[in-house]
Structures are given as C-alpha cells and as structure tokens.
C-alpha cells in the first residue's frame with residue numbers, strides 16, 4: 034500500500050510540475066496583470082520554463098527583449114523564481130527574479146550594463162555621447178507599496194570622456210543603490226578637485242524613473258557648456274532634470 038502511495042504521489046507531483054513548466058508565458062503574464070503594472074510587449078513566446086518577451090516596455094520606456102527561464106526547486110517552497118536576461122541596443126542585463134508570499138518581488142544577483150552612446154530611451158540631449166553605466170544589485174525587494182530593501186552599487190565613466198567644446202574632463206561617478214521611503218534610489222557622486230558632481234536616479238512605486246543632477250564648478254568652459262546639455266543655473270549650482278517638466 035505504501036509503495037502505491039509513493040508512486041501515486043510522485044505521479045501527481047510530476048503531473049503538476051508538467052502543468053507548471055509548460056504553462057504558456059503569455060497566459061502567465063495575463064494572470065499576473067503585468068500590463069496593469071506598466072509592462073507592455075509586442076509578443077510573448079514559449080513557456081515560463083523557457084520563454085521570451087519581445088519589445089518589452091516599462092511605463093512606455095523601451096526595455097528590449099527579455100528571456101526568462103523558470104527555476105523548478107523553489108516551486109516546492111511556494112516561490113516562483115526566474116532567471117531573466119535583458120537585451121536591447123546598448124543595454125544588457127541579467128538577474129534572478131523571485132515572487133514570494135505577500136506579493137513580494139525580489140531581484141538578486143542582478144547586473145545591468147549600458148553603452149550610453151547606443152542606449153535607447155535616454156534624454157535626446159545626451160544621446161550619442163560616449164560612456165558606460167553599470168549597476169550591480171546584490172538584492173532589491175519590492176512589495177505593493179514599493180521598495181522595502183536594496184543593496185547595490187553603481188558606476189559611470191560618462192564624464193571622463195569630456196567634450197571638445199568645453200575642453201574639460203570630469204571624474205568617474207560611483208555610489209550605492211538603496212531604498213528611500215518607497216523608492217529605489219541610485220546616488221552617484223564624484224569630485225575632481227575643481228568641481229562636485231551629483232546624480233540621483235529614482236524609481237517610484239509607479240515604476241516611473243526620474244533623474245536629477247547637480248554640478249558645482251568654477252571651470253568657465255564647463256559652466257558655458259552645461260546649458261547645452263539641459264542644465265539650468267541656480268545661483269552657483271547647475272541643475273539638470275529628466276524627464277523635463279511638461280515634456
């Protein structure tokens with residue numbers, strides 16, 4: 034009798050596993066209300082075991098193509114865990130996405146690399162300028178309200194390439210990724226002895242991204258050049274904001 038119970042249990046587990054592993058990715062996205070959360074796409078193909086989301090957009094900002102692959106063993110503990118990869122012009126990313134109890138979404142071991150000269154969806158005033166940006170997230174956790182836990186590091190060399198119109202080169206910028214209230218925030222700071230540079234990127238619970246930057250410098254060529262990039266003078270500080278108000 035025990036033997037038959039074991040066989041029946043194993044068969045039932047295999048059947049349930051097959052249903053899960055071969056569940057269409059498009060149906061899974063519909064069930065989770067992904068579009069209501071601001072995620073859109075042109076086509077979802079394959080299954081949650083091995084599928085792809087093509088031409089993905091988040092809050093109308095292009096992400097690119099996303100490949101997903103379900104991890105089986107976390108299912109046995111009531112968690113859905115996916116290996117995800119992102120590819121778009123000038124943008125590459127990877128990480129593990131886990132859905133757990135209480136509508137918690139965790140991203141772990143994530144890495145994002147951007148070639149700023151090729152990446153889409155950035156401010157047209159900055160498009161085509163050389164430089165790279167990296168974001169390494171050890172862990173970030175969201176719930177329905179927003180960011181609840183984050184640990185990571187960001188870096189960019191965008192300023193080190195300078196600009197021939199200004200005869201100027203700036204320092205690399207580095208800083209942490211943390212939660213501030215319900216927002217995920219990345220702070221980048223740099224100082225070259227002649228100026229101070231601060232960048233703040235913020236993603237709120239609505240998945241909308243905003244970027245602000247502040248530059249304080251006595252370098253005349255730089256001060257003349259910053260307005261060409263959209264900076265506005267506020268006393269002795271030049272301030273940049275994206276998206277622009279009213280844009």
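In this note's numbering, the protein residues as written are 34 to 280.
Cβ coordinates follow ideal geometry from the N, Cα and C atoms, glycine included.
The beta strand (DSSP E) that contains residue i, what's its start and end?
i	result
residue 264	Neither: residue 264 is in no beta strand (DSSP E) and is coded neither H nor E.
residue 144	137 to 148
residue 209	206 to 213
residue 192	That residue, residue 192, is in no beta strand (DSSP E); it is neither H nor E in DSSP.
residue 120	113 to 121
residue 224	216 to 224
residue 80	That residue, residue 80, is in no beta strand (DSSP E); it is neither H nor E in DSSP.
Taking the continuous alpha helix (DSSP H) assigned at residue i, which residues delimit it?
i	result
residue 159	Run containing residue 159: none; DSSP gives neither H nor E here.
residue 255	253 to 258
Is the beta carbon of residue i sitting closer than 8 Å to the one on residue j?
i	j	result
residue 250	residue 227	yes
residue 124	residue 97	yes
residue 180	residue 233	no
residue 189	residue 202	no
residue 182	residue 172	yes
residue 61	residue 72	no
residue 139	residue 101	no
Quick one: Cα of residue i to Cα of residue j, how far?
i	j	result
residue 130	residue 75	21 Å
residue 169	residue 143	6 Å
residue 237	residue 82	30 Å
residue 272	residue 79	46 Å
residue 214	residue 187	19 Å
residue 103	residue 113	8 Å
residue 220	residue 184	12 Å
residue 266	residue 241	26 Å
residue 150	residue 178	34 Å
residue 207	residue 191	11 Å
residue 147	residue 157	16 Å
residue 19	residue 95	Nothing can be reported for residue 19, as the shown portion of the chain is limited to 34 through 280.
residue 258	residue 59	48 Å
On the CB-based measure, 16 or more other CB atoms within 10 Å of its CB, does residue i come out buried or exposed?
i	result
residue 84	buried
residue 48	Note that residue 48 scores a pLDDT of 45, beneath 50, so its modelled location is shaky; the value from the coordinates is reported in the next line. When all chains shown are included, residue 48 counts as exposed.
residue 245	exposed
residue 161	exposed
residue 261	exposed
residue 86	buried
residue 77	buried
residue 121	buried
Closer than 7 Å: is that where the CB of residue i sits relative to any heavy atom of the ligand ATP?
i	result
residue 262	The ligand content of the structure shown is nil, which means the ligand ATP is not present either.
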